[in-house]
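Contents: one structure, followed by commentary.
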Amino acid sequence: MKALEYVLKDDKITASEGGESLCKGGCSLNDAIDKANNNALGITAFYVAIHDYDGKAPSLYKIEDPSVRNPTMAEILNRFSAVFGSSILSDTGHSSDLYRDFSKDREFLGLNNVSELDFKKSIAELYKRRNEFVISISSMRDQARYNAEQIEVKRMADYDKVNPEFAVTELGNVISIEKAPALRKAFNSMPFVTRTPNSTDPRQVYAKIGKYKLTLNQVEISTKELLTECQRVSAYTGLEIENPCFNQVGNGLSNFASIIKNKSIPDLTKNTALGEATFGRIIDFDHAARLAKMHQEMCSRKNNSGYAAMVTVAVPCSGHGDVLYISVAEKAGLL
C-alpha cells in the first residue's frame, strides 16, 4: 500500500508542477479507489498491485526533492511492472489465494465486492493483457529514470563548473622504489587531474578516458598487485628478476598512458580495452594498451568501418555504437 501511496503523492506533486497526472490536480488514494471501483477489472488490478508488490515500503522522507523522488519512483514502477508481467497470474492456485485475501481485505481498503468468478476472470484478463500493462508501466518507469539521470547530469555539471579540473603532476617522484625508474616515469606520464586539489584521497585523482574516470586508486591497487607478483615469481624461481619485472610493469603503464593521450584512438576502444584487460581488481595496463593498438590497426585495414574483435568482444571502429560479444557480431556478419 505504501508503494501505491508514494505513486499517488508523486502524481500530486507532478500536477502541482504543471505536469501530466493521472487525475486532474493529482490523484488521492480515495480517487484511485473510486476509479478502481468502476468495474471488476479495476478492483482486481488495484488489489493485485497491493497484494503482489514485492519490495521494501518506500519512505516519504524528502519526496519533494526530485533527486530522491525520481529514482524511488523508477524502482517502485519497476516492481509494479514485475507484478503485472508475472506468469504467476496464470496460476489458478495463486488466483484462489488472491481472492481469499481480497475477501478479508476489501472492506478495509474501501473496495467494492466482486464475486470469485468475476475476480478470477479479471485476473485472467490481466494476464492476457500483461504486455500492454507492462509497456505502459515501463514507459512511466523509463521517464522517471530519465528525469533522475538529467538531475544527476545537472548536479555534476554545476559541481564541475565551480570545481574546475587541475592537472596532477610528478606523482612518480614520490615512489621510493629505487629498482623501478620506469615505474616513476610511468606515473609521471599519466594525465591525472583532480577537482579537489587539497584532498589526499586517491579516488579523487583520475585520468579521463572519455566519460570514464580511471582513478589513481585503481592504478595504485593494480600496480601494487603486479609488483607483489613480481616478488613472488622472483622468490619462486630463485632468480633476481625483480628489477626487470618492476620496470616491465612501469613500461606497461607508460604504454597505456600513451594510449590515453592518443586522440586517433576512440575512447570506446580505450575503455573496452581497459575492461578486457581487467581481471578482478587488477588491470594489466600493457595488455590494455596492446589491445587498443591492435584494434586500431585492424580497423585501419577495414578503412575504419564495421567492427574489429578484441578478446571476448567486438568494438565498432567508428568509436560509436554497441560493443558486442564476438559470437553475436559473427552471427550478424559484422566480423
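Using our numbering, the first residue of the sequence shown is number 160, and each one after it goes up by one. Every residue, glycine too, gets a C-beta built ideally from N, C-alpha and C.
Under the three-state reduction of DSSP output, L386 falls in the helix class. Distance from the CA of V273 to the CA of R288, rounded to the nearest whole angstrom, comes to 20 Å. When N237, R259, I441, Q302 are compared, the shortest CA-CA separation from L385 is found for I441.
In the three-state reduction of the DSSP assignment, A339 falls in the coil class, being assigned neither a helical nor a strand state. A Cβ-Cβ separation of about 6 Å places R228 in contact with D169 under the 8 Å criterion. Beta-bridge partners of K367 (DSSP): K372. In the same chain as S249, and ignoring 5 residues on each side of it, the C-beta atoms closer than 6 Å to its own belong to Y286, in chain order. Taken through DSSP and simplified to helix, strand or coil, P475 comes out as strand. Fewer than three beta-carbon pairs drawn from the region 434-448 and the region 361-371 are found closer than 8 Å, and the two stretches are therefore not classed as touching. Secondary-structure assignment with DSSP links L483 through a beta bridge to A473. Closest option to P350, judged by alpha-carbon separation, among F261, S413, S381, K320: S413. Between L219 and L188, the beta carbon gap of about 13 Å keeps them out of contact (Cβ cut-off 8 Å). Considered as a whole, the region 267-337 harbours 275-287, 289-321 as its complete alpha helix (DSSP H) runs of no fewer than 4 residues, in chain order. About 7 Å separates the beta carbon of I296 from that of F243, a gap short enough to meet the 8 Å contact definition. The continuous beta strand (DSSP E) containing T353 extends over residues 351-353. Residue state for Y395 is assigned as helix, using DSSP reduced to three classes. Following the DSSP letters along the chain, one finds A416 inside the alpha helix (DSSP H) bounded by residues 401-420. Going by DSSP, A174 is part of the alpha helix (DSSP H) stretching over 161-175.
A residue is called buried when at least 16 other Cβ atoms come within 10 angstroms of its Cβ; G252 does not meet this threshold and is exposed. At a Cβ-Cβ threshold of 8 Å, A467 and A447 do not count as neighbours. Contact annotation: the region 320-328 does not touch the region 384-404, with fewer than three C-beta pairs closer than 8 Å. DSSP places Y466 within a strand segment (E or B) once states are collapsed to three. Note on K422: under 16 other CB atoms within 10 angstroms of its CB, so exposed under the neighbour-count rule. Judged by DSSP secondary structure, E223 falls outside any alpha helix (DSSP H); it is assigned neither H nor E.
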